[in-house]
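Structure record follows, encoded as structure tokens.
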């Protein structure tokens with residue numbers, strides 16, 4: 001199972017778009033293959049810093065920071081497809 005984390009902050013306008021795009025892509029690829037959660041960087045600041053999150057929205061896949069800004073839908077789809085390779 002692929003673990004996805006979307007790092008957000010209150011007042012982040014692009015964060016909602018990131019969550020919506022992620023939800024649509026996860027559904028398209030098969031939602032049961034993914035586990036994702038929203039991480040509020042103000043509530044989990046130490047964890048966000050540990051991963052290197054400096055801005056929102058940021059996206060981590062399987063505990064690795066992959067995007068430090070809002071990716072295009074194509075970039076996000078490619079990253080998720082890559083994360084699924086070899087995973088059953």
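Numbering (UniProt numbering), first residue to last: 1 to 88. Where a beta carbon is used, it is the ideal one built from N, C-alpha and C, also for glycine.
For this session: Return the chain-ordered list of same chain residues with a C-beta closer than 6 Å to the C-beta of residue 36, the five sequence neighbours on each side being excluded.
Result: Taking the first residue of the chain shown as 1, we reach residue 36 at position 36. Answer for residue 36: 4, listed in chain order.
Exercise. So residue 85 is in the beta strand (DSSP E); what residue range does that whole segment cover?
Worked result: Working through the chain shown from its first residue, we reach residue 85 at position 85. Residue 85 -> no beta strand (DSSP E), and no H or E assigned at all.
Exercise. The ligand ADP heavy atoms versus the CB of residue 35: any closer than 7 Å?
Worked result: Here there are no bound small molecules, and the ligand ADP is not part of this structure.
Problem set entry | Of the listed residues 13, 73 and 1, nearest to residue 23 (C-alpha basis) | Counting from one through the chain shown, the residue named residue 23 turns up at place 23. For the residues 13, 73 and 1, the minimum Cα distance to residue 23 belongs to 73.
For this session: With distances taken Cα to Cα, identify the nearest neighbour of residue 57 among 39, 83, 51 and 15.
Result: Within the chain shown, residue 57 is the residue found at index 57, counting from 1. Comparing Cα-Cα distances from residue 57 to each of 39, 83, 51 and 15, the minimum goes to 15.
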